[in-house]
Amino acid sequence: EAGVVQSPRYKIIEKKQPVAFWCNPISGHNTLYWYLQNLGQGPELLIRYENEEAVDDSQLPKDRFSAERLKGVDSTLKIQPAELGDSAVYLCASSVTGTAEETQYFGPGTRLLVL
Amino acid sequence: AQSVTQLDSHVSVSEGTPVLLRCNYSSSYSPSLFWYVQHPNKGLQLLLKYTSAATLVKGINGFEAEFKKSETSFHLTKPSAHMSDAAEYFCVVSEWSSYKLIFGSGTRLLVRP
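Chains A and B, in that order, give the protein sequences.
1 is the number of the first residue of the first sequence in the working numbering; add one for each residue after it.
1001 is the number of the first residue of the second sequence in the working numbering; add one for each residue after it.
Here it is, written out as structure tokens:
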């Protein structure tokens, strides 16, 4: 079974430029998550999708961040414009139904460096 | 609100000796608790999870953890460390109200030959 796929794995951009990250969850997983992991810290949830619906986006900085999950499968996370402080690892995860005790499966992440 | 505290930012052990990574949690409800491992440039991998069944949970690669409600702890142990165990370990609690995972700050395990 293929795991969660993310691309690109690495991205270097200049500040004020836009950037987008793509995630393909495990087949059959209805719930998709985007996490932000700063250096030396644990991941923090940005947004959670149940199928196409964003059911928790309270931690997403909506002035510059946006996300979509068209057709309830793949998802894209966008930053526009990027700031120096956005340098971090962006992780995507998925689970079957999104219950509290359910395992979330993580992708390898996209490491973003903003210069 | 739920939270987790990992008591050690770094742990160093010799190969073949026991591993103990400490985690305390705070939760108003019966929590779901997880340990994830992160190797450099790789995704987070689930080691084990507790979901109100047996208090001693066995995971992959010889790791296990014991849920102690009276101490609000969920420490991770392994009888004998292997060089391949060197990685970052995260203790995680799942928030019942939003199904959000709350991660600890991580413990970096170093295994000396």
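Even glycine gets a Cβ: it sits at the ideal position worked out from N, Cα and C.
When the beta-carbon positions are compared, leucine 91 (chain A) and glycine 109 (chain A) come within less than 7 Å of each other. Here DSSP, grouped into helix, strand and coil, assigns serine 1084 (chain B) to helix.
Within the same chain, Asn1024 come within 6 Å of serine 1073 (chain B) by CB-CB distance, once the 5 residues on both sides are set aside. Residue-level contact by beta carbon fails for leucine 1109 (chain B) and chain A, as no gap is shorter than 7 Å.
Under the 7 Å criterion on CB atoms, glycine 85 (chain A) is classed as non-interfacial with respect to chain B. Partner residues in the beta bridge of lysine 1068 (chain B), as assigned by DSSP, are B:Ser1073. The contact set of glycine 28 (chain A) on chain B, defined by CB atoms closer than 8 Å, is empty, because the minimum CB distance reaches about 18 Å. Think of a sphere of 8 Å around the beta carbon of alanine 100 (chain A): the chain B residues whose beta carbon falls inside it are Ser1032, Ser1094, Glu1095, Trp1096, Tyr1099, in chain order. Between valine 1004 (chain B) and leucine 1109 (chain B), the gap from beta carbon to beta carbon reaches 7 Å or more.
Here histidine 1075 (chain B) has Leu1020, Leu1021, Arg1022, Cys1023, Ala1065, Glu1066 as same chain residues with Cβ atoms under 7 Å from its own Cβ, once five neighbours each way along the sequence are excluded.
Taking a cut-off of 8 Å for Cβ pairs, the stretch 1082-1093 of chain B and the stretch 74-84 of chain A do not touch, as fewer than three such pairs fall below it. Rounded to whole angstroms, the gap between the alpha carbons of glutamine 17 (chain A) and glutamine 1006 (chain B) is 37 Å. Check the Cα spacing between glycine 42 (chain A) and each of B:Ser1105, B:Val1111, B:Arg1112: the tightest is with B:Ser1105. Residue-level contact by beta carbon fails for phenylalanine 65 (chain A) and chain B, as no gap is shorter than 7 Å. Within 10 angstroms of the beta-carbon of lysine 1100 (chain B) lie 16 or more other beta-carbons, which makes it buried. As computed with DSSP, aspartate 56 (chain A) is found in a beta bridge with A:Arg48. Within the stretch 43-74 of chain A, those residues whose Cβ lies closer than 9 Å to any Cβ of chain B are, in chain order, Pro43, Glu44, Leu45, Arg48, Val55, Asp56, Ser58, Gln59.
Bridge pairing for valine 1092 (chain B): B:Phe1034, B:Phe1103 [DSSP]. Assigned with DSSP and collapsed to three states, leucine 77 (chain A) falls in strand. Around the beta carbon of proline 1031 (chain B), 16 or more other beta carbons lie within 10 angstroms, which makes this residue buried. For lysine 1042 (chain B), the C-beta contacts it makes with chain A under 8 Å involve Pro108, in order along the chain. From the beta-carbon of threonine 1051 (chain B), the residues of chain A found nearer than 7 Å are Glu101.
For the 7 Å CB-CB criterion, alanine 93 (chain A) and phenylalanine 106 (chain A) form a contact. Distance between glutamine 80 (chain A) and valine 114 (chain A), taken at the CA atoms: about 12 Å.
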